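Residue 67 in the numbering used here sits at position 67 of the sequence shown; the count goes up by one each step and never skips.
The beta-carbon is built from N, C-alpha and C at its ideal position, and this holds for glycine as well.
Computed from a prediction, not measured in an experiment: that's the story for all the values here.
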Amino acid sequence: VLMLCILVGLVGAAFAADLKEISTRDFWLLRAPISLHLGWIICASAVNTNVLAIFYLATPGTMLSVAIASLAAVASLASVYALAPKKADCFPGFVAAWALLAVYSELQSATNLLDPSKFNPYSWDPVVIQGFGSATVALSTACLAVAVVAVVRRLVSACRSPGSAEVKESSVP
1 VLMLCILVGL
11 VGAAFAADLK
21 EISTRDFWLL
31 RAPISLHLGW
41 IICASAVNTN
51 VLAIFYLATP
61 GTMLSVAIAS
71 LAAVASLASV
81 YALAPKKADC
91 FPGFVAAWAL
101 LAVYSELQSA
111 TNLLDPSKFN
121 PYSWDPVVIQ
131 GFGSATVALS
141 TACLAVAVVA
151 VVRRLVSACR
161 SPGSAEVKES
171 SVP
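Encoded structure:
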């Protein structure tokens, strides 16, 4: 619950920070850290949702459903921040790409996932683990792509906007 409150607060802070034109210096001191933290909290909220399912002794089908929905939520939010706003935000996409790649890396051995002594253990079929790992790589690549698109959108916006690129926030990713 607290993680989701932090997420809501960061969404509000990111929105408020985009209402004004700020200098490049202020962007890197104010807006960029908010965006980076927002990306982390999006991913951490997804992890916490999965931990909560395990804590409440969810069935394997429910745990798998929550995991798939978490992947979709992380990738969707990264895409929304990169593509929807006037001031594209690349940071959630870069963070999501990194986090999803970390999930893939963890699934390569799946030691912790398959540990029979863990809370609410389940012996996942290797096909499920491999398929989920492949999905994380695909989504990681997609998140990286939308983050790069966000950088390009910011740069194009900076080139088209009147005035000094030093003064405009849109001159940076």
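Please classify serine 123: does DSSP put it in a helix, a strand, or coil?
coil
Going by beta-carbon coordinates alone, are valine 66 and alanine 58 separated by less than 9 Å?
yes
Candidates Ala44, Lys86, Ile22: closest to valine 1 by CA position:
Ala44
Quick check on the burial criterion: 16 or more other C-beta atoms within 10 angstroms. Buried or exposed for cysteine 90?
buried
Buried or exposed: threonine 62, going by 16 or more other Cβ atoms within 10 Å of its Cβ?
exposed
Inter-residue spacing [alpha-carbon to alpha-carbon] between valine 103 and glycine 133:
7 Å
Using a Cβ distance threshold of 8 Å, determine whether the region 77-86 contacts the region 145-155, with at least three qualifying pairs required.
yes
Should alanine 88 and serine 157 be called a contact, given that it needs their Cβ atoms to be closer than 9 Å?
yes
What's the gap between the Cα of isoleucine 41 and the Cα of tryptophan 124?
27 Å
When you compare each of Leu114, Val11, Ser117 to arginine 31 by their alpha carbons, which one comes out closest?
Val11
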